[in-house]
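Peer 1:
4 protein chains.
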Amino acid sequence: MDADKLHDECAIVGVYGPAEAAKLTYLGLYALQHRGQESTGIVSSDGETMHAEVGMGRVNDVFTEDRLARLPGYLAIGHNRYATTGLSTLRNAQPLFVDYARGSLAIAHNGNLVNAARMRTSLEADGSIFRSTSDTEVILHLMARSQAGHLLDSVVEALQQVQGAYSLLIMNPHEIIAVRDPYGFRPLCLGRLQTGHVVASETCALDLIEATYVRDVQPGELVRISQEGVQSYFPFPTRPPQHCVFELIYFARPDSQVFGHNVYLTRKAFGRQLAREAPVDADVVIPVPDSGLPAALGYAEEAGIPFDTGLIRNHYVGRTFIEPQQAIRHFGVKIKLNTIHGLLEGKRVVIVDDSIVRGTTSKKLVSMLRQAGAKEVHMRISSPPITHPCLYGIDTPTHEELIASSYSVEHICSYFQADSLAYLSHEGMMEVARQQEQGYCSACFTGQYPVHTPWRDDLHQLTLFDKQGF
Amino acid sequence: MDADKLHDECAIVGVYGPAEAAKLTYLGLYALQHRGQESTGIVSSDGETMHAEVGMGRVNDVFTEDRLARLPGYLAIGHNRYATTGLSTLRNAQPLFVDYARGSLAIAHNGNLVNAARMRTSLEADGSIFRSTSDTEVILHLMARSQAGHLLDSVVEALQQVQGAYSLLIMNPHEIIAVRDPYGFRPLCLGRLQTGHVVASETCALDLIEATYVRDVQPGELVRISQEGVQSYFPFPTRPPQHCVFELIYFARPDSQVFGHNVYLTRKAFGRQLAREAPVDADVVIPVPDSGLPAALGYAEEAGIPFDTGLIRNHYVGRTFIEPQQAIRHFGVKIKLNTIHGLLEGKRVVIVDDSIVRGTTSKKLVSMLRQAGAKEVHMRISSPPITHPCLYGIDTPTHEELIASSYSVEHICSYFQADSLAYLSHEGMMEVARQQEQGYCSACFTGQYPVHTPWRDDLHQLTLFDKQGF
Amino acid sequence: MDADKLHDECAIVGVYGPAEAAKLTYLGLYALQHRGQESTGIVSSDGETMHAEVGMGRVNDVFTEDRLARLPGYLAIGHNRYATTGLSTLRNAQPLFVDYARGSLAIAHNGNLVNAARMRTSLEADGSIFRSTSDTEVILHLMARSQAGHLLDSVVEALQQVQGAYSLLIMNPHEIIAVRDPYGFRPLCLGRLQTGHVVASETCALDLIEATYVRDVQPGELVRISQEGVQSYFPFPTRPPQHCVFELIYFARPDSQVFGHNVYLTRKAFGRQLAREAPVDADVVIPVPDSGLPAALGYAEEAGIPFDTGLIRNHYVGRTFIEPQQAIRHFGVKIKLNTIHGLLEGKRVVIVDDSIVRGTTSKKLVSMLRQAGAKEVHMRISSPPITHPCLYGIDTPTHEELIASSYSVEHICSYFQADSLAYLSHEGMMEVARQQEQGYCSACFTGQYPVHTPWRDDLHQLTLFDKQGF
Amino acid sequence: MDADKLHDECAIVGVYGPAEAAKLTYLGLYALQHRGQESTGIVSSDGETMHAEVGMGRVNDVFTEDRLARLPGYLAIGHNRYATTGLSTLRNAQPLFVDYARGSLAIAHNGNLVNAARMRTSLEADGSIFRSTSDTEVILHLMARSQAGHLLDSVVEALQQVQGAYSLLIMNPHEIIAVRDPYGFRPLCLGRLQTGHVVASETCALDLIEATYVRDVQPGELVRISQEGVQSYFPFPTRPPQHCVFELIYFARPDSQVFGHNVYLTRKAFGRQLAREAPVDADVVIPVPDSGLPAALGYAEEAGIPFDTGLIRNHYVGRTFIEPQQAIRHFGVKIKLNTIHGLLEGKRVVIVDDSIVRGTTSKKLVSMLRQAGAKEVHMRISSPPITHPCLYGIDTPTHEELIASSYSVEHICSYFQADSLAYLSHEGMMEVARQQEQGYCSACFTGQYPVHTPWRDDLHQLTLFDKQGF
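Protein chains in written order, with the numbering used here: chain S, 1230 to 1699; chain G, 1230 to 1699; chain X, 1230 to 1699; chain F, 1230 to 1699.
#1: Along the region 1569-1581 of chain G, what residues have a CB closer than 8 Å to any CB found in chain X?
#2: For residue 1687 of chain S, collect the residues of the same chain with a Cβ closer than 6 Å to its Cβ; drop the 5 residues on either side in sequence, then sort them by chain order.
#3: In whole angstroms, what separates the C-alpha of residue 1598 of chain F from that of residue 1328 of chain G?
#4: What residue from S:1604, S:1536, S:1269 has the CA that sits closest to residue 1576 of chain S's CA?
#5: Which same chain residues, not among the five before or five after residue 1484 of chain X, have their C-beta less than 6 Å away from its C-beta?
#6: Chain X beta carbons: is any one of them nearer than 8 Å to that of residue 1369 of chain F?
#7: My parser needs the beta strand (DSSP E) runs of 3 or more residues fully inside the region 1550-1603 of chain G; what are they?
#8: Between the alpha carbons of residue 1618 of chain F and residue 1377 of chain F, how many angstroms are there, rounded?
#9: In the region 1475-1486 of chain S, which residues sit with their C-beta less than 7 Å from some C-beta in chain F, listed in chain order?
#10: So which residues of chain F does residue 1544 of chain S contact, with C-beta pairs closer than 7 Å?
#11: Give me the subset of the region 1413-1427 of chain G whose CB atoms are less than 7 Å from a CB atom of chain X, sorted by chain position.
#12: Starting from the N-terminal side, write out each stretch of the alpha helix (DSSP H) that is 4 residues or longer and does not extend beyond the region 1474-1562 of chain S.
#13: Could you list which residues in chain B have their beta carbon closer than 9 Å to that of residue 1354 of chain G, in chain order?
#14: Hey, how far is the Cα of residue 1610 of chain X from the Cα of residue 1652 of chain X?
#15: Have a look at residue 1524 of chain X and residue 1503 of chain X and give me their C-alpha separation to the nearest angstrom.
#16: I want to see whether chain F comes within less than 8 Å of residue 1292 of chain X, judged by CB atoms only; does it?
#17: Using a Cβ cut-off of 7 Å, which residues of the region 1358-1382 of chain S contact any Cβ in chain G, in chain order?
#18: Count the other CB atoms, across all protein chains shown, that sit within 10 Å of the CB of residue 1574 of chain F; report buried if there are 16 or more and exposed otherwise.
#19: Show which residues of chain S have a CB atom less than 7 Å away from the CB atom of residue 1327 of chain G.
#20: Could you list which residues in chain F have their beta carbon closer than 9 Å to that of residue 1436 of chain S, in chain order?
#21: Who are the neighbours of residue 1306 of chain X on chain G, taking C-beta pairs under 7 Å?
#22: Excluding the five sequence neighbours on either side, which residues of its own chain have a C-beta within less than 7 Å of the C-beta of residue 1277 of chain G, listed in chain order?
#23: Under 8 Å: do the region 1416-1423 of chain X and the region 1432-1452 of chain X share three or more Cβ pairs, one atom per stretch?
#24: Taking the beta carbon of residue 1699 of chain X as the centre, do at least 16 other beta carbons fall within 10 Å, making it buried, or is it exposed?
#25: Taking the beta strand (DSSP E) that residue 1606 of chain F belongs to, which residues open and close that run?
#26: Which value, in whole angstroms, describes the spacing of the CA atoms of residue 1361 of chain S and residue 1661 of chain S?
#27: Per the DSSP calculation, residue 1429 of chain G is bridged to which residue(s)?
#28: Using CA atoms only, rank isn't needed, just tell me which of S:1257, S:1383, S:1399 is closest to residue 1330 of chain S.
#29: What are the boundary residues of the alpha helix (DSSP H) that residue 1291 of chain G is part of?
#30: Leaving out five residues before and five after residue 1255 of chain G in sequence, what residues of the same chain have Cβ atoms less than 8 Å from its Cβ?
#31: Take residue 1397 of chain X and list the residues in its own chain whose beta-carbon comes closer than 6 Å to its own, dropping the five residues that flank it on each side.
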């Protein structure tokens, strides 16, 4: 987990059909661990009774043989959650699991509802009580208040009242419903198992459990998986797609296919485009491991400059580490990355990263490269400057903390003490991204938010909800 | 925890005023550990923000220095819960802590609502969702649906709709409300601290934190503790008191005052009455430690037979212990109790216990005493035969498991292979108990339930609610 | 664990014969938990390979089903250790388990060697290395240096070089050797199982696993249990027995037989003798629970004063508890003990305890009784004043901390603010104790140490050895 | 940790001088985590008292703020140990920490003594007892038996009696001695801190704590670091150097300098040499991440074939993961690695790895690449076939498990179903490796063991020592 990266909120996985649905869900969550390490959970059902196991920590830590054994049945949904400060409590861990008029219900959500605070106030005014501080609980309350006879109808009725980003899995004892919001902000794909079906945030989860990728759940589509097979519905008005372009830049695993794109190849293409836009005379191109690797390869290929790996990553770094009090400078980065002695000595180095958030790591990297003897350090970023927070499910630092929202590229370059700094242009990024799909949300680069949101109310909604908890 | 005893559901403690309210609450819960070892929790408030720490296990295990430090503020409520199979999950641990229209709310409950299943069904039909399987959550939903402007009014409105046993603490960020149901099934007392007030299930909690006992919260009384001091309300129609007589027999700590009684002296008086009703020519009176001690002393005094302690208890017995597979008989009892060699050799022994539930322990004790050389074994029980399950907050085994509901005293005596067996008469018990208070619930001995309850629906309501969980 | 009591160092248990030797050893250790809660361990053998499981904490915490399953075989020895500050580390936990010239070896020790520091220095000078700070390791080194061909001979050779108190179990893959030092300071008894033999510190361990008590291992006796059955040897010169009289006063469980005495009846007899020596005109006799109970009963019977239980013990008190910072007086005692309201009001109370070490608890108890309304408080102690530290295996506070080593009985009485204070006389104690056995060590009351010890060197030997550790 | 790789036994770090020696040692161990994840430990000293903290698990798990705070002082040594089955117990965790005639002593060892079993037998015959099953304890016993007056002399005396591989750190309360065996099998380097000195297995540990690399400890050199500064001794007869060539191939971190080599550049050079020796007509060169990366880059550069990263590694894979029972084939590899869709479609792929041990992973990788559409799969290994076990500190599988010890390259290629398979030649490897240093041990490739070892006795010595343990 890199403190200087943006982070996605969640991964979701649903499995219907096979005898060990929870174990396949567990594997899917394992493959999607990069989308959230705060908490993880699975709810399974044998067709009658639902079983839940939810805990703080990674898939690997939470799910023991014992806990998986307590999750019998042929359908299951699971969730990984990203750790944000303050909200990181078991009561917010998903899937949420409740009883309501039509029985038991579990829900797993990737995204963020922009009108959650308002809906919550209104539901509370009508007598609802909330046990979590998560926006997802709003959907449950809306479903519970629906008078619709079928689960499907109550889901539709509830979702018609919320706005924002959601890829959702909803499960009762005998069916799973997968939904993607009409804008399709977050990804969600559908796969086939020998004896059933799987829905997951990314295709790499399908690969691991040897499911065949069928297609993406479409923006605005609701897929019901039950004894009657897989049924598709489009209950919402059509909207122009707003796929999160940052999935392609950083979030998704490079071996996934997202929004119809091969993520790895797209990242290489971003690197190539960057080389065309911001060439430099240099001796070697190196990536910031591991996220800058594909773009660095693309840049090197396009620029005809040798590629090498000048920074080595310590893969054993855990989430906590103890600093000596008589501190040594640049420690947080040094424990993770080290330079190769001699390799960069006297060289003109291009260092490629996928994005810059606060800029703290980048500054330290430039300094490390100089100490390693680099004659010139040219930083290249395979996405545009991030200037605005995300409202659709990405944990973004405040406006003030986003370095590019306050400073010009020149200023940042000089702050980093780099010889040059260039970002991929918005146009260049879009040109690459649009080769297969048209509609993207790039509000974090432009501030043009596709879903109108009552700014003052909702931007801080999570904070408002938060209280110390369980 | 004796597997052959009845168990109370909970202890509750509330503290208002002092700077370290959570720590005093913690101590109160410590003193009331005997009323529930499954889970424990505290919610505190500094007047604005509420903080919660809830965990599975005993007070001593759950509350570390760190966790208590996360509970700042001058008001707090706490709860100990008794472990029942299947329901023993964190999601049912109390205090429950939620958000609703009027802000944050915590609730701690001792008792059982007889119309909880029906109310729950009705609330769900109106759109409520339930995250626990506890009857207590019903009260929260009713409060959330109240249109009343003040917390107090919403509590009254909610409680007017429920029936059964409840001693409750309800807290928002700046006040605590303590309520006892109109029948006063479960105890609840009020104390004064140097700098505030305390409410607790039993007076022994007051003793520990050096609070002065003021009085019991009255049946049907609602006490509000806030910046405006302590205010008393009687919003419910008056009912004949139905104090749980079993608190006097077994549940309450002997050093507590409950329903105006000194528990220890009452138990001695039960023993004396038993000696008058069921005398026997014997050499020594011994208690089943520790619960039979006061009654055995009373019996011995009244009968003029020497008192001694023929059974020694191993105080280090934990809740789990591992049996050899090639099992030795009577293990569960032997690990807890052992006889004094020689003491009982050739003696005619009266062994006094407070109650018999399934009879399994009693049978083993008679056998142990015979092996220790007792010439005669006369068992005396300082309460009547338990023939009916409790509906008001006590975890009772099923009808079939209550030995006295199926068998006569003669039959039981012969099953125990005792020389004689006698229970305290219902009249005798009541005569002793009524010396200070009139109204008691003794339905577990008589089957005469004071609050009409739709038998089939509600008896198993907890089971119906239960599902595998968090 | 009472902070104001003396504490024994250890319990030892050995089982030879049955298929589940480790499980029976575990049960024996469970019964002897009162002799040490710091660490516990078992070494078992299937006749060829030895297996060890040792951990910090109580029997109940350390031994899970899994760990017991890793201890197969038909012979096993186990050990409980008492927690002393600083030394409480896993490296000192027993049984110690090593390899030496004749294979693998495990040892479990109750007692203390007075010449351990000197022997250790001498062994180190000869090239031995020590991994623990325990005196027990000295014995292992001496055995390892023995040229004797048989385990038995090497044990004898080693023990001929050490002085002090030891009840020992030594085990190789196919035999167990039990030894008691020539003075017999610490107890050790021999029992018979249906399919084997058991050795244990106290008979209560035999009771639990349904072994028949055969006899005590004699002072200076070495018992070898192997395929050849039980063989007895007396390899050491005979010494006058020096049984630890404190085992009878406090250490041993009341349901044990120790040194041929019924512990419970002996304690009652101490109480009776105390009543004869120090009578008082009073209304009620109460014990300090639980250790003062038998003596209080004896006192009450002899004095003809009614016995009652005026102090109630909270059995849920763990080893840690958190004090509010704005502390309430007398907290450490109040969390453990509370008075019965009203019972002592206006009464002249005799309170009986078995011993006084630092006096801190006693002072608080007198104050609690006065607050409970006692008109007079007469403290009676069923053993003489403790004036000297033990050198033979009991963890005694320093000379300065022993209240009776610095102050007269009158002074202590006035410090306690008791109306009177009386200890059992040394003569009275001995008269009772000698009814079955002659030789006792009562050095803690007299300073007459039966085994000559180089005072300055060895008194602090454990401290000298101690270093921070594993 | 890759199950199909060889594993080094240990890392060692020593720090002398700065106020927080233990924290710097901890950081050094963090940087060397790749050399052992089974257990870790640090012993520190303030010049008088030594303190030890040792635990099972990784640096990150074992060392909390609390544990590091218990390690005061200005000198410290630390150790990481590799997890091997059966021996993986706390009693074998290092640094070993003991008392002997000259006080306290700690030792940390990387390597393996070939005559340990024989020495152990002889030491036991002379009365030594062993508490671990590690060969390192032999050195302690030899030192303890030395009559030498100084630590230094006793170290020399002890080491003159052992044979094999050792890079050692030995510490008493006020000095650290670093030694490397006369053949210099394992690396050890010396660095300078602003306020002191550091010794570590690899230079990457120096980088992290911002120490300056001074030089390697020489084969046969003994370095004493104390108040008198750094003193160098060469007490052993000179031997031809036998540096472990596998450190260059796989063990060392690529950012380290080992035996005077830049590890990363050496690996690239192995790849280049491999390209010259075993060229192939192909479309893309991909590494097996992460260990095959430098060699793949070198191969690609030399061969003029595009480099790409066709396999993506899941960095969240823990050491345990739970397989569904209705297993999916190739799971162990799939959870760690996945292919990039489309990237390899129809391509002729060269896949480069650093070595093959059992061949299980390689076979699965070939199959994964074919499933990803590769038209041809050419496997290239940047080291020769491993045919013999290591006797000098590397945990090698048995002869039977080493695929290359039983099968020809052709056979292995056909077993992998690869289109071609080529290893780097021994000559080629040596040519690259000898560019800076002459003497290497490459016994795992040739069976020519530089230190004569009594084969039958010592090969299995660890197994012989092993018993179940603490």
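Ideal Cβ positions, reconstructed from N, Cα and C, are used throughout, including at glycine.
Computed from a prediction, not measured in an experiment: that's the story for all the values here.
Peer 2: According to the data block:
#1: Going along the region 1569-1581 of chain G in chain order, one finds 1569, 1570, 1571, 1572 with a Cβ nearer than 8 Å to chain X.
#2: Residue mapping note: residue 1687 of chain S aligns to position 458 of the first sequence, counting from 1. Residue placement at residue 1687 of chain S cannot be trusted, given a pLDDT of 44 that sits under 50; the coordinates are not used to answer.
#3: What you label residue 1598 of chain F is simply residue 369 of the fourth sequence in a count that begins at 1. What you label residue 1328 of chain G is simply residue 99 of the second sequence in a count that begins at 1. Their backbone Cα atoms lie some 53 Å apart in a straight line.
#4: The residue given as residue 1576 of chain S occupies position 347 in the first sequence. Among S:1604, S:1536, S:1269, the Cα nearest to that of residue 1576 of chain S belongs to S:1604.
#5: Here residue 1484 of chain X refers to the residue found at position 255 when the third sequence is read from its first residue. Excluding its 5 nearest sequence neighbours in each direction, residue 1484 of chain X has C-beta neighbours in its own chain below 6 Å: 1433, listed in chain order.
#6: If you number the fourth sequence from 1, residue 1369 of chain F lands on position 140. At a cut-off of 8 Å, the C-beta of residue 1369 of chain F has a neighbouring C-beta in chain X.
#7: Counting whole runs of 3 or more residues, the region 1550-1603 of chain G contains the beta strand (DSSP E) stretches 1566-1568, 1577-1582.
#8: Indexing the fourth sequence from 1 puts residue 1618 of chain F at position 389. Indexing the fourth sequence from 1 puts residue 1377 of chain F at position 148. Straight-line Cα distance between these residues: approximately 37 Å.
#9: So the list reads 1482, 1483, 1484, 1486, given in the order they occur along the chain.
#10: Here residue 1544 of chain S refers to the residue found at position 315 of the first sequence. Those are 1544, listed as they occur along chain F.
#11: Residues: none.
#12: List check, alpha helix (DSSP H) in window: 1492-1506, 1522-1532.
#13: Within the model displayed, chain B is absent; protein chains S, G, X and F are what it includes.
#14: Locating residue 1610 of chain X in the third sequence gives position 381, where the first residue counts as 1. Locating residue 1652 of chain X in the third sequence gives position 423, where the first residue counts as 1. Going from the Cα of residue 1610 of chain X to the Cα of residue 1652 of chain X covers about 5 Å.
#15: As a position in the third sequence, residue 1524 of chain X is number 295, starting the count at 1. As a position in the third sequence, residue 1503 of chain X is number 274, starting the count at 1. Within the model, the alpha-carbon separation for residue 1524 of chain X versus residue 1503 of chain X is close to 8 Å.
#16: As a first step, residue 1292 of chain X is located in the third sequence; it is residue number 63 there, counting from the start. Not one chain F Cβ lies under 8 Å of residue 1292 of chain X.
#17: Along the region 1358-1382 of chain S, the positions whose C-beta sits under 7 Å from a C-beta of chain G are 1358, 1359, 1360, 1369, 1370, 1373, 1374, read in chain order.
#18: Walking along the fourth sequence from the start, residue 1574 of chain F turns up at place 345. Exposed, by the Cβ-count rule.
#19: Position 98 of the second sequence holds residue 1327 of chain G. Within 7 Å Cβ-Cβ: 1358, 1359, 1360.
#20: Against the first sequence, residue 1436 of chain S aligns to sequence position 207. Result: 1563, 1567, 1568, 1570.
#21: Reading the third sequence from its first residue, position 77 is the one you call residue 1306 of chain X. Chain-ordered listing is empty here: chain G has no CB closer than 7 Å to the CB of residue 1306 of chain X, the nearest sitting near 17 Å.
#22: Working through the second sequence from its first residue, we reach residue 1277 of chain G at position 48. Cβ within range, chain order: 1402.
#23: At 8 Å Cβ cutoff, the stretches touch.
#24: Here residue 1699 of chain X corresponds to residue number 470 of the third sequence, with the count starting at 1. Low local confidence applies: a pLDDT of 35 at residue 1699 of chain X is under 50, so the model's placement there is unreliable, with the coordinate-based value given in what follows. The residue is buried, with at least 16 neighbouring Cβ atoms inside 10 Å.
#25: The residue labelled residue 1606 of chain F in the question sits at position 377 within the fourth sequence. It spans 1605-1610 - the beta strand (DSSP E) in which residue 1606 of chain F sits, taken as one unbroken run.
#26: As a working mapping, residue 1361 of chain S is identified with position 132 in the first sequence. As a working mapping, residue 1661 of chain S is identified with position 432 in the first sequence. Answer to the nearest angstrom: the Cα atoms are 40 Å apart.
#27: Taking the first residue of the second sequence as 1, we reach residue 1429 of chain G at position 200. BP columns for residue 1429 of chain G point to G:1242, G:1418.
#28: Counting from 1 along the first sequence, the entry for residue 1330 of chain S is found at position 101. Minimum Cα distance to residue 1330 of chain S is reached at S:1383.
#29: Here residue 1291 of chain G refers to the residue found at position 62 of the second sequence. Unbroken alpha helix (DSSP H) run through residue 1291 of chain G: 1288-1291.
#30: For the purposes of this step, residue 1255 of chain G is identified with residue 26 of the second sequence, where counting begins at 1. If we look at residue 1255 of chain G and ignore the five residues flanking it on each side, its Cβ neighbours are 1271, 1288, 1292, 1297, 1307.
#31: Within the third sequence, the letter at position 168 stands for residue 1397 of chain X. Once the five neighbours on either side are set aside, the close Cβ partners of residue 1397 of chain X are 1338, 1408.
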